[in-house]
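Please read the structure below before turning to the comments.
Residue numbers (my numbering): 27 to 565.
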């Protein structure tokens, strides 16, 4: 497939979207960032951003800095105001204002969080201690997944890649703490150092749970050994980008033959899932290794692993010693963030992550008008026209493939600002006195909603972002582009700005997302969102 032209367009779009030379109000160009001493034809990036790069330092509480970060900061300040108002109001129970106000209050109550220590995890550790057999192990893994805690493999409902209108069961590789397989398998100096730092992090956490130094170090090694075996059987990031490597739908009977030591029928029953005929077993090699490990790894080692997976998933929300250890490794070492963010900012982000719809709709009321939505819709339509012309003019693409590409482009759906259909949070309890408890209940709530979707038609009205999110996306499955209200703010977008400003700023983001429909991953999906080859062999 020779889609060089599309890759070039995407590269330009990324350049434009990341370097927005507009004023803070988004109404005119800001030339103060530019380095006019540089020839734009020789180094356009330096020409466009040189002065800003020289004068700007990355804040100590950030791992990177740019226009996206600045806009997120601006949005966080607005969200903080909304949340502080809600926290003081003491709204009626089960209203959006009560949910977001009490959740934010629970996060800001560091005294209560520190007093609780690791007590919010006590019930999980008690269950782990009761594990005596492989059957017990399987039952507890199901329990952890129901609670939204990661362990051993990934599991959930998702669209069938070859029948994108239906939600099916997906089971895939997982069970790791480090970002991907390579962190466990590479032998270069940095990778070796990272594993050493990871081991130190685990040791420190185990000590906080009450283990002595020798026991904590031994437990850390046990976890690393288990995760390394899982990693060695996993696909890498590049391989996972190919959707063909993530699709292997087989019968439940066939899946059971691959993992005779793990009963999928019992697992799904424990999860409250009715028997399904098929399962997308995304990486069979991984599950073969998992099956072997279930009996080869001693039960006591599995208990140590599960203990680790539980505490690591909760560490950022526990007492300060746990949160600090998590920050030192995950944020400071892996990401380069020198200092922790102010507590209010952490709590704003946590509230948006858990209750983004409720918080987001109040944000929309204050920041995003119907006129802005209409203007953004017009910009998208005009860029579709430009893309249509670009496809028509491609000399390297055959007429047959062009027709398919145009058909796909013509069926792109768009989501702008906020969801038209709200899901709500009926059944989710929020307690202003228990931050970790709120996180755990929210995870269970989201897992339950996901499981309930299995076997049903895909609801294409749903959003993957909360309205305040400073980002945009293209979905191959839905063949749609999404632009939350959070990114549709100055300097990326201003409904009162000149066309040149909006096309140069948010227009670059729009173009970037459109091209995802035709890049090395999106090009494998047809207009209906199904994994299907629609290019000719020559193209």
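We put the beta carbon where it would ideally sit given N, CA and C, even for glycine.
Computed from a prediction, not measured in an experiment: that's the story for all the values here.
A distance below 8 Å separates the beta carbons of residue 184 and residue 194. For residue 564, no beta strand (DSSP E) run applies, since DSSP gives it neither H nor E. Residue 384 has no beta-bridge partner at all, per DSSP. With respect to residue 392, residue 173 sits apart: the two C-beta atoms are not nearer than 8 Å.
Boundaries of the beta strand (DSSP E) harbouring residue 508: 506-510, taken from the DSSP string. Unbroken beta strand (DSSP E) stretches of 3 residues or longer found wholly inside the segment 461-532: 499-501, 506-510, given in chain order. Around residue 370, the same chain offers 106 as residues with beta carbons nearer than 6 Å, after the five sequence neighbours per side are excluded. Every alpha helix (DSSP H) stretch that sits fully inside the segment 195-268 and reaches 4 residues is listed by chain position as 208-211, 215-234, 239-258, 263-267. Distance from residue 325 to residue 163 at the Cβ level is roughly 7 Å; contact confirmed, criterion being Cβ atoms closer than 8 Å. A direct Cα-Cα distance of roughly 20 Å separates residue 383 from residue 477. Annotation: the continuous beta strand (DSSP E) that includes residue 179 extends over 179-186.
Beta-carbon to beta-carbon, residue 366 and residue 348 are separated by about 13 Å, too far to satisfy the 8 Å threshold. Here residue 489 is buried, its C-beta having at least 16 other C-beta atoms within 10 Å.
By the Cβ test, the segment 268-286 is not in contact with the segment 141-154, since fewer than three Cβ pairs between them sit closer than 8 Å. DSSP places residue 128 inside the alpha helix (DSSP H), whose first and last residues are 122-134.
Taking one beta carbon from each stretch, the segment 313-328 and the segment 255-262 have 3 or more pairs nearer than 8 Å; the two touch. For residue 414, the enclosing alpha helix (DSSP H) begins and ends at 396-418.
Taking 8 Å as the cut-off, the beta carbon of residue 451 is found closer than this to the beta carbon of residue 381. Contact between the segment 433-442 and the segment 409-420 is present: 3 or more CB-CB pairs across the two stretches fall below 8 Å.
Annotation for residue 190: 484, 503, 554, 555, 556 place their beta carbon closer than 7 Å to its own, counting only its chain and skipping 5 residues before and after.
With a beta-carbon spacing of about 37 Å, residue 399 and residue 362 fall beyond the 8 Å limit used to define contacts. Its Cα nearest to that of residue 178, the residue 249 stands out among 72, 418, 305, 249. Within the model, the alpha-carbon separation for residue 465 versus residue 549 is close to 37 Å. Inclusion of residue 131 and residue 458 in the CB contact set at 8 Å is warranted, their separation being smaller than that value. For residue 162, the enclosing alpha helix (DSSP H) starts and ends at 160-172. Contact between the segment 507-517 and the segment 81-100 is present: 3 or more CB-CB pairs across the two stretches fall below 8 Å. DSSP, read as helix, strand or coil, puts residue 299 in coil. DSSP places residue 306 in the uninterrupted beta strand (DSSP E) bounded by 304-307. Between the beta-carbon of residue 234 and that of residue 404 there is about 55 Å, and that puts the pair past the 8 Å contact cut. Separation of residue 80 and residue 89 (C-alpha to C-alpha, rounded to the nearest whole angstrom) is 17 Å.
With at least 16 other beta carbons inside 10 angstroms of its own, residue 533 counts as buried. In this structure, DSSP gives residue 551 an extended state, which the three-state scheme calls strand. Counting other Cβ atoms within 10 Å of its Cβ, residue 447 stays below 16 and is therefore classed as exposed. Around the CB of residue 70, fewer than 16 other CB atoms lie within 10 Å, so the residue is classed as exposed. Just measuring C-alpha positions, the residue of 307, 247, 531 sitting nearest residue 187 is 307. A distance of 8 Å or more separates the beta carbons of residue 278 and residue 311.
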